[in-house]
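Asks: Before anything else, here's the structure in question.
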Amino acid sequence: MPESSPRDPSTGPGSSPGPVTIRTAISADAEAIRTIYNHEVENTTATMDLVPRSLDDQLEWLAARSGAFATIVAELDGEVVGFASLSPYKERAAYRPTVEDSVYVRRDLGGRGIGKALLTAVIELAATSGFHSVMARIEASGEASRALHASCGFREVGVEIEVGRKFNRWIDMVLMQKLL
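Going by our numbering, the first residue of the sequence shown is number -18, and it counts up by one from there.
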């Protein structure tokens, strides 16, 4: 993936005022990433994390990610408004050809194509890095995320029943997969 590339978010109702720039995250992006992520931790089931990240935690997380596992960000008008990354799917060696994606966009900017630009970029990163398969684990009621992944060629391959517990309720996870 190029260091920085403009992508035109979707046009139509609610489209953003300018193109989104996708680039590799740097340490100066940690606070914006943390703010976006912690909103999801504290208010939604988009992540199964229960404890918000400190700035030090976020900087450490970001510093540990490089190469195919680097974090990318979406910038709109010079502001980081979303991020995405790839992670190893499982620890055992035979799973190495498979990665799992994570995509987060600031909630007030949903539906503007930013998530699609990020997901498209991490799929490209996975392909150029030689991975065979990208997995997504999406909370079952996450219709927007499921639709986003489907629009990028993912298909549902399974459901994990009651594998998480957050906000005093059981959480089911839908597994989606894209073969590269």
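Virtual Cβ for every residue (Gly too), placed ideally from N, Cα, C.
Roughly how many angstroms lie between the CA atoms of G92 and L100, to the nearest whole one?
Replies: 13 Å
Asks: I'd like to know whether the C-beta of P78 is nearer than 8 Å to at least one C-beta of chain D.
Replies: Among the protein chains of the structure shown there is no chain D, as only one such chain exists.
Asks: Using 8 Å as the threshold, is the segment 123 to 142 in touch with the segment 5 to 17, meaning 3 or more CB pairs across them?
Replies: no
Asks: Thinking just about the alpha-carbon of each residue, which of G96, A51, V80, R150 is nearest to the one in T2?
Replies: G96
Asks: For the candidate residues F148, G63, G111, G123, whose alpha-carbon lies nearest to that of L156?
Replies: Checked all of F148, G63, G111, G123; the closest Cα to L156 is G123.
Asks: Taking the alpha-carbon positions, what's the M116 to G59 distance?
Replies: 30 Å
Asks: I'd like to confirm the pairing. Which residues does DSSP put opposite P102 in its beta bridges?
Replies: Note on residue identity: the sequence assigns Ala, not Pro, to residue 102. Looking at the DSSP assignment, A102 forms no beta bridge with any residue, so it has no partner.
Asks: To the nearest angstrom, how far is the alpha carbon of V140 from that of I152?
Replies: Answer to the nearest angstrom: the Cα atoms are 11 Å apart.
Asks: Note the first and the last residue of the continuous beta strand (DSSP E) segment covering E137.
Replies: 136 to 147
Asks: Can you give me the Cβ contacts of N149 inside the same chain, cut-off strictly under 8 Å, excluding the 5 residues immediately before and after it?
Replies: none
Asks: Hey, how far is the Cα of S72 from the Cα of A121?
Replies: The question names Ser, but residue 72 is Glu in the sequence shown. The alpha-carbon of E72 is positioned some 24 Å away from that of A121.
Asks: Using 10 angstroms around the beta-carbon of E143, count the other beta-carbons present and answer buried if the total reaches 16, otherwise exposed.
Replies: It counts as exposed.
Asks: Start and end of the alpha helix (DSSP H) containing V47?
Replies: Per the sequence shown, the amino acid found at residue 47 is Ser instead of Val. If you look at S47, you'll find it isn't in any alpha helix (DSSP H); DSSP assigns it neither H nor E.
Asks: What is the DSSP secondary structure of Y76, counted as helix, strand or coil?
Replies: helix
Asks: In whole angstroms, what separates the C-alpha of Y76 from that of L36?
Replies: 31 Å
Asks: How far does the alpha helix (DSSP H) with T16 in it extend, from its first residue to its last?
Replies: 11 to 24
Asks: So what does DSSP say about I95, is it helix, strand or coil?
Replies: In the three-state scheme derived from DSSP, where H, G and I count as helix and E and B as strand, I95 is classed as helix.
Asks: Between L31 and K147, how many whole angstroms is the CB-CB distance? I'm expecting something under 8 Å.
Replies: 7 Å
Asks: Roughly how many whole angstroms lie between the Cα atoms of H24 and D38?
Replies: In the sequence on display, residue 24 carries Asn and not His. Using only the alpha carbons, I get a separation of about 19 Å.
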